[in-house]
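Asker: Chains as they are written, first to last, in our numbering: chain A, 1 to 128; chain B, 1 to 193. Glycine is no exception: its CB is placed at the ideal position from the N, C-alpha and C atoms. Since we're looking at a predicted model, the values are computed, not measured. Structure in structure tokens, see below.
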């Protein structure tokens, strides 16, 4: 039983290490800033996830019992990671992307980077 | 009276559970203090919550969470393979417009977060009227199909009335996937959805 748990934990840690490494490697390998954003937000998800699963298993089998902290870390990570990525993407759009590079919205209004979204109380009625 | 005391029952429950998990100890004392936090914090922050988000059925939330977790694992492997083995010149990066049928801000937030968490796609902007999402795709052969895939897989599961978008499948007339009711009897669109 202990051996199976140890093998599983070791496997999770190795997977986590590989994905963390690949994510960081992607950061230096890819060229465009938007492409670079993919590597750390992505590959790292599984990198952190693997470490958390390993930690949870270790505390459940060898430690002082089941630990909730890893679940909370997962929850907070899933809440904050998209917001960070969105801010970085938005900042990039504001500073160094030309409108011509982006596809049309397909609606009557432009992307919010290029058009004032207006009063949030009135969706679809942007201030000009 | 009860409504004023507990303006957000789900928030109260969430705060209590998160507190118990933070302390990592399920005992009467922890639950009691968590409950105090769960009762006080929603009352203090009530002015900042314009309206209470409607919670859809729990099985649908569980299904959504499982689908997203599975996709995160799968797509992580795909992105890792692209980073490691694909020559830089052959990475087909595209901007993709995803037209939205969702209208509730909470649902759009969840969809945008999901798109970012599933590897290969990052949601970058929303149109000024909130009817379209700008998504950056690391590698896609067909941007149109990617947008439709996002609509099929995630947006359909978040829509408040699943029946409006559920009947979907292969449309013989258009030769593509169809997300509109009536696909079996005849597609309304000449182009595949």
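State the beta-bridge partners of residue 95 (chain B) as determined by DSSP.
Answerer: Working through the second chain from its first residue, we reach residue 95 (chain B) at position 95. Per DSSP, B:136.
Asker: Counting C-beta neighbours from all protein chains within 10 Å, is the total for residue 154 (chain B) 16 or more, i.e. buried, or is it exposed?
Answerer: Locating residue 154 (chain B) in the second chain gives position 154, counting from the first residue. Residue 154 (chain B) is buried by the Cβ-count criterion.
Asker: How about residue 119 (chain B): is its C-beta nearer than 8 Å to some C-beta of chain A?
Answerer: Along the second chain, read from residue 1 onward, the residue named residue 119 (chain B) stands at position 119. It does: the Cβ of residue 119 (chain B) has a partner Cβ on chain A nearer than 8 Å.
Asker: Pick out whichever of A:114, A:12, A:37 and A:11 has its Cα sitting closest to the Cα of residue 23 (chain A).
Answerer: Numbered from its first residue, the first chain carries residue 23 (chain A) at position 23. It is A:37 whose Cα lies nearest to the Cα of residue 23 (chain A).
Asker: Give the secondary structure of residue 2 (chain A) by DSSP, where H, G and I count as helix, E and B as strand, and everything else as coil.
Answerer: Here residue 2 (chain A) is taken as the residue at index 2 of the first chain, counted from 1. Residue 2 (chain A): helix per DSSP, three-state reduction.
Asker: Just confirm the distance between the C-beta atoms of residue 107 (chain A) and residue 129 (chain B), as a whole number of angstroms; I'd bet it's less than 8 Å.
Answerer: Here the question's residue 107 (chain A) lines up with position 107 in the first chain. Here the question's residue 129 (chain B) lines up with position 129 in the second chain. The Cβ separation is near 6 Å, so the contact holds.
Asker: In terms of alpha-carbon separation, which member of B:24, B:136 and B:64 lies closest to residue 65 (chain A)?
Answerer: Along the first chain, read from residue 1 onward, the residue named residue 65 (chain A) stands at position 65. Residue 65 (chain A) has its Cα closest to that of B:24, out of B:24, B:136 and B:64.
Asker: Measure how close the beta-carbons of residue 123 (chain B) and residue 93 (chain A) come, nearest whole angstrom, since I'm counting them as under 8 Å.
Answerer: As a first step, residue 123 (chain B) is located in the second chain; it is residue number 123 there, counting from the start. As a first step, residue 93 (chain A) is located in the first chain; it is residue number 93 there, counting from the start. The pair is not a contact, with the Cβ atoms about 12 Å apart (cut-off 8 Å).
Asker: Would you say residue 151 (chain B) lies against chain A (beta-carbon separation less than 8 Å)?
Answerer: Within the second chain, residue 151 (chain B) is the residue found at index 151, counting from 1. Residue 151 (chain B) does not count as touching chain A.
Asker: Residue 69 (chain B): which of B:94, B:82, B:38 and B:113 sits nearest, CA to CA?
Answerer: Residue mapping note: residue 69 (chain B) aligns to position 69 of the second chain, counting from 1. Here the closest residue by C-alpha is B:113.
Asker: Please check if any C-beta of chain A sits within less than 8 Å of the C-beta of residue 128 (chain B).
Answerer: The residue you call residue 128 (chain B) lines up with position 128 of the second chain. So yes, residue 128 (chain B) belongs to the interface.
Asker: Using the C-alpha atoms, what's the distance from residue 26 (chain A) back to residue 19 (chain A)?
Answerer: Translated into positions along the first chain, residue 19 (chain A) becomes position 19. Translated into positions along the first chain, residue 26 (chain A) becomes position 26. Taking the straight line from one Cα to the other gives about 10 Å.
Asker: List the DSSP bridge partners of residue 122 (chain B).
Answerer: As a first step, residue 122 (chain B) must be located in the second chain, where it is residue number 122. Note: residue 122 (chain B) sits in a beta bridge opposite B:136.
Asker: Keeping to the same chain, check which residues put their C-beta closer than 8 Å to that of residue 6 (chain A); ignore five residues upstream and five downstream.
Answerer: Residue 6 (chain A) sits at position 6 when you count from the first residue of the first chain. Within the same chain, residue 6 (chain A) has no close Cβ partners at all.
Asker: Answer yes or no: does any C-beta atom of chain B fall closer than 8 Å to that of residue 40 (chain A)?
Answerer: What you label residue 40 (chain A) is simply residue 40 of the first chain in a count that begins at 1. Residue 40 (chain A) does not count as touching chain B.
Asker: Using only CA atoms, which one of B:98, B:38, B:138 and B:148 lies nearest to residue 16 (chain B)?
Answerer: Along the second chain, read from residue 1 onward, the residue named residue 16 (chain B) stands at position 16. Out of B:98, B:38, B:138 and B:148, B:38 has the C-alpha closest to the C-alpha of residue 16 (chain B).
Asker: What is the rounded straight-line gap between the Cα of residue 77 (chain A) and the Cα of residue 40 (chain A)?
Answerer: By one-based count along the first chain, residue 77 (chain A) stands at place 77. By one-based count along the first chain, residue 40 (chain A) stands at place 40. Going from the Cα of residue 77 (chain A) to the Cα of residue 40 (chain A) covers about 13 Å.
Asker: To test your reading of the DSSP string, which unbroken alpha helix (DSSP H) runs of 4 or more residues are found completely within the stretch 19 to 102 of chain B?
Answerer: Correct list: 28 to 45 and 58 to 85.
Asker: Measure the CB-CB distance between residue 50 (chain A) and residue 13 (chain A) and report whether it falls below 8 Å.
Answerer: Here the question's residue 50 (chain A) lines up with position 50 in the first chain. Here the question's residue 13 (chain A) lines up with position 13 in the first chain. Yes; because the gap between Cβ atoms is below 8 Å, this pair is in contact.
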